[in-house]
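In my numbering, the protein residues as written are 247 to 424. C-beta: ideal position from N, C-alpha, C; glycine also.
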């Protein structure tokens, strides 16, 4: 038996002490014992409406507070350095990690990302993964940095080590990048 209330809450009759949860519904549950408060009209039930049901509402966790004091000896830990990665592809197959590092060096402001050459499905292009902090990522994630015709975007997830060439390994010349 579902009755629609003008306040757009749904009241549902259930077995005493049985509840169901649904993100769009507020479920009313009948209780065996009422809770009483002293109101302006005297002693009133705090958790019941006239029909004997209790409105069940989800509880939210309180947000943590942040300190503002500046003590001399005790300091808060610095925020962790957030890392991002950039995927760059459709570059010439002969492009090396050193070529990429030389290309991006003017945009780095003294910082160095970790650059890895990724194994590709076809030998007609090469792809790279650049792991860096957020400031370097913002500097490298611009069209002015990369050659015309290349593609780049944020790399999500972890880089699989089996899909990367080692520094001393050169891409195979047999026409298939393994």
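Query, Result
"Option in 392, 377, 408 with minimal Cα separation from residue 402", "377"
"Cβ shell of residue 307 (< 8 Å), same chain only, five flanking positions each side left out", "none"
"Residue 410 (DSSP reduced to helix, strand or coil)", "strand"
"Whole-number beta carbon distance between residue 370 and residue 363, since they are thought to touch under 8 Å", "About 15 Å; that fails the 8 Å criterion."
"Beta carbon of residue 374 nearer than 8 Å to that of residue 346", "yes"
"Cα-Cα separation between residue 381 and residue 348, rounded to whole angstroms", "18 Å"
"Cβ-based burial, residue 432 [other Cβ within 10 Å; buried from 16]", "Absent from the model: residue 432. The displayed extent of the chain is 247 to 424, so no value can be given."
"Beta-ladder partner(s) of residue 379, from DSSP", "329"
"Runs of beta strand (DSSP E) lying entirely within the stretch 345-396, each at least 3 residues, in chain order", "360-364, 372-379"
"Cα-Cα separation between residue 303 and residue 342, rounded to whole angstroms", "59 Å"
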